[in-house]
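**Student:** Protein chains in written order, with the numbering used here: chain W, 1 to 81; chain R, 1 to 229.
Just so you know, even glycine gets a beta-carbon here, dropped at the ideal spot from N, CA and C.
(1) With residue 41/R and residue 136/R assumed to form a contact (beta carbons below 8 angstroms), what rounded beta-carbon distance in angstroms separates them?
(2) Count the other CB atoms within 10 Å of the CB of residue 67/R; is the residue buried (16 or more) or exposed (fewer)?
(3) I'd like the list of long-range same chain contacts for residue 205/R, defined as Cβ closer than 6 angstroms, with 5 residues on each side in sequence excluded.
(4) Three Cβ pairs or more, each shorter than 8 angstroms: is that satisfied between the stretch 153 to 170 of chain R and the stretch 48 to 66 of chain W?
(5) Apart from the five residues on each side of it in sequence, which residues of its chain come closer than 7 angstroms, Cβ to Cβ, to residue 41/W?
(6) Quick one: Cα of residue 113/R to Cα of residue 141/R, how far?
(7) Helix, strand or coil: how does DSSP classify residue 89/R here?
(8) Quick one: does residue 34/W have its CB under 9 angstroms from some CB of chain R?
(9) Quick one: Cα of residue 39/W to Cα of residue 15/W, how far?
(10) Measure the C-alpha to C-alpha separation of residue 219/R and residue 70/W and round it to an integer number of angstroms.
(11) Comparing alpha-carbon positions, which option in 149/R, 145/R, 223/R and 139/R lies nearest residue 209/R?
(12) In or out: residue 31/W buried (at least 16 other Cβ within 10 Å) or exposed?
(13) Kindly indicate which three-state DSSP category residue 24/W falls into: helix, strand or coil?
(14) Hey, would you say residue 125/W sits closer than 9 angstroms to residue 57/R, going by beta carbons?
(15) Count the other CB atoms, across all protein chains shown, that sit within 10 Å of the CB of residue 72/R; report buried if there are 16 or more and exposed otherwise.
(16) Would DSSP call residue 139/R helix, strand or coil?
(17) Decide if the stretch 2 to 19 of chain R is in contact with the stretch 34 to 50 of chain R; the criterion is three or more beta carbon pairs, one per stretch, under 8 angstroms apart.
(18) Can you check the stretch 149 to 179 of chain R for any alpha helix (DSSP H) of at least 4 residues that lies completely inside it and give the ranges in chain order?
(19) Are the stretch 102 to 109 of chain R and the stretch 127 to 135 of chain R touching by the rule of at least three beta carbon pairs closer than 8 angstroms?
(20) For residue 125/R, collect the residues of the same chain with a Cβ closer than 7 angstroms to its Cβ; drop the 5 residues on either side in sequence, then sort them by chain order.
(21) DSSP on residue 64/W, reduced to helix/strand/coil?
(22) Do residue 20/R and residue 63/R have their C-beta atoms within less than 9 angstroms of each other?
(23) If you run the structure through DSSP and keep just helix, strand and coil, what is residue 34/R?
(24) Tell me, please, which residues DSSP counts as bridged to residue 103/R.
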């Protein structure tokens, strides 16, 4: 059994309106030091395999096919036993 | 000419699309469930607005794998007409039938009001009854209608005349004011505004009517008199 976590974020080159709004909200309550803020998605998966290499390949495919829209989003994942 | 209006769990503009076809054209139209595996009977497929699969993960992300979408891809390949409106546009981009993606509106507000569109390409099967550069009033209702594509894609959209409509007063932050685009061949169009909600003056505008009449006219032109019922 492997546990995977996938992080999906809006590409740096693409505006993240949600992030901008939350950053503005932090500023308005006094957290002026926040220079940038981006909001993404956190996805947890449990995989029925112990083969890390194979799991990595499958995860990449899952991200490219469904979990991230690579036109506007970047993704990364972590795998642990 | 036969129309299909796809229905996904969460579609909510399917009835409006069905009625727009029925009442403005009087042509046969069916609701087609997302699990359907045959669209061979239909000449035009409308992918309606709504919140397919609850918009979980991303708008249109899950719908792209609905069984019916394989048939939509086949129909598009065969040159049949495919019109995606609002969530339907999002689904078509997710399915790769149209380039780009739809992001959260720049204002973060759900925008629901009339917009003025400029008809940029009046030569598509969907826009023949409009004049080039004509301004029409069609309502929008979306939270994620902010069209994005990279510069290279934008250049090719322009070069191939794939920008069908632009907003005169960009309500969502879309790249190059884009409200609707087509594929290279011109038989697949996606747009965020709702022409099916603008088919009668009682609704505030009937400027959307001519999209439906354009489709029928193009179909009749390409199918000759033999198909006239």
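**Tutor:** To lay it out plainly:
(1) Reading the second chain from its first residue, position 41 is the one you call residue 41/R. Reading the second chain from its first residue, position 136 is the one you call residue 136/R. Approximately 31 angstroms separates the beta-carbon atoms of residue 41/R and residue 136/R; this is outside 8 angstroms, ruling out the contact.
(2) Position 67 of the second chain holds residue 67/R. When all chains shown are included, residue 67/R counts as exposed.
(3) Counting from one through the second chain, the residue named residue 205/R turns up at place 205. Taking C-beta separations shorter than 6 angstroms and ignoring five residues to either side along the sequence, the partners of residue 205/R in its chain run 137 and 198, following chain order.
(4) no
(5) To locate residue 41/W, count along the first chain from 1; it is residue 41. Closer than 7 angstroms at Cβ, skipping near neighbours: 8.
(6) Indexing the second chain from 1 puts residue 113/R at position 113. Indexing the second chain from 1 puts residue 141/R at position 141. Spanning the two alpha carbons is a distance of roughly 7 angstroms.
(7) As a first step, residue 89/R must be located in the second chain, where it is residue number 89. In the structure shown, residue 89/R sits in a helix (DSSP, three-state: H, G or I).
(8) Position 34 of the first chain holds residue 34/W. It does not: the Cβ of residue 34/W has no partner Cβ on chain R nearer than 9 angstroms.
(9) Taking the first residue of the first chain as 1, we reach residue 39/W at position 39. Taking the first residue of the first chain as 1, we reach residue 15/W at position 15. Residue 39/W and residue 15/W: Cα-Cα distance of roughly 11 angstroms.
(10) In the second chain, residue 219/R corresponds to position 219, counting from 1. In the first chain, residue 70/W corresponds to position 70, counting from 1. Each residue's alpha carbon lies about 36 angstroms from the other.
(11) What you label residue 209/R is simply residue 209 of the second chain in a count that begins at 1. Across the set 149/R, 145/R, 223/R and 139/R, the C-alpha of 139/R shows the shortest separation from the C-alpha of residue 209/R.
(12) Against the first chain, residue 31/W aligns to sequence position 31. With fewer than 16 Cβ atoms within 10 Å of its Cβ, residue 31/W is classed as exposed.
(13) In the first chain, counting from the first residue as 1, residue 24/W sits at position 24. Helix, per DSSP.
(14) The structure shown does not extend to residue 125/W, since chain W spans only 1 to 81, so no value can be given for it.
(15) Position 72 of the second chain, counted from the first residue, corresponds to residue 72/R. It counts as buried.
(16) Locating residue 139/R in the second chain gives position 139, counting from the first residue. Three-state result, residue 139/R: strand.
(17) yes
(18) 151 to 159, all fully within the stretch 149 to 179 of chain R.
(19) They do not touch, by the three-pair rule.
(20) For this step, residue 125/R is matched to residue 125 along the second chain. These residues qualify, in order along the chain: 81, 186, 187, 214, 215 and 218.
(21) Reading the first chain from its first residue, position 64 is the one you call residue 64/W. Residue 64/W falls in the helix class under three-state DSSP.
(22) As a working note, residue 20/R is residue 20 in the second chain. As a working note, residue 63/R is residue 63 in the second chain. The answer is no: Cβ separation not under 9 angstroms.
(23) As a working note, residue 34/R is residue 34 in the second chain. The answer is coil: DSSP assigns residue 34/R none of H, G, I, E or B.
(24) Sequence index remark: in the second chain, residue 103/R carries index 103 (1-based). Bridge partners of residue 103/R: 146/R.
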